[in-house]
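When you line the sequence shown up against the working numbering, it's residues 1 to 144, in that order.
Virtual Cβ for every residue (Gly too), placed ideally from N, Cα, C.
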Amino acid sequence: MSNSSRNGHLTKKQKSELMDKVQAERERIFNKLNLEQPHKIVQEAESGKDEVDSANDDILRRTELRFATRESLYLKKLLKTLELMETDDYGTCEDCGQNISFTRLKARPTSTMCIGCKEESERDEMQNYHGRISKSLGKSVSFR
Ligand SMILES: [Zn+2]
1 MSNSSRNGHL TKKQKSELMD KVQAERERIF NKLNLEQPHK IVQEAESGKD EVDSANDDIL
61 RRTELRFATR ESLYLKKLLK TLELMETDDY GTCEDCGQNI SFTRLKARPT STMCIGCKEE
121 SERDEMQNYH GRISKSLGKS VSFR
């Protein structure tokens, strides 16, 4: 942590702008899920990292127990993003290790892949999907 030679490709200002966005989203989901006291958690977040982690863990556990919704998955992603933002890995593609552009992160701060890898993985999904379809079509054709 003392070594600050590698600090991602984002400027401090860009990073804090993205962080604000994610935190705002987190509060929005909190409110939506009727979780209590997001402000208290924000205060704890400012006072120390260990407390953030345990607060997040606690929220995750409670969320997991009570909600199996799209929102809770999104919330998980937001909390994970906030954790990642504490490290220098934020803004780096988990697939190819290249920088994810600030424009892309601004549109989707939870992105963990660069646009190239994301498109590729979506293409793969499509191919699998079509592969499955043509297989089942093949079956129905050979069925007489
Ligand atoms: Zn990539």
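Element boundaries [alpha helix (DSSP H), containing residue i]
i      : result
THR103 : 102-107
THR81  : 70-85
Near ligand 1: residue i beta-carbon under 7 Å from a heavy atom
i      : result
ASP95  : yes
GLY116 : yes
MET113 : yes
GLN98  : yes
Three-state class that DSSP yields for residue i in the structure shown
i      : result
THR92  : strand
ASN56  : helix
ASN128 : helix
ASN34  : coil
GLN43  : Here GLN43 scores only 46 on pLDDT, less than 50, and its place in the model should not be relied on; the value that follows carries that caveat. In the structure shown, GLN43 sits in a helix (DSSP, three-state: H, G or I).
query = With a cut-off of 8 Å, do at least 3 Cβ pairs link the region 91-101 to the region 123-130?
reply = Contact fails: fewer than three Cβ-Cβ distances are below 8 Å.
message = Three or more C-beta pairs under 8 Å: does that hold for the region 23-34 against the region 114-125?
response = Counting Cβ pairs under 8 Å, fewer than three are found: no touch.
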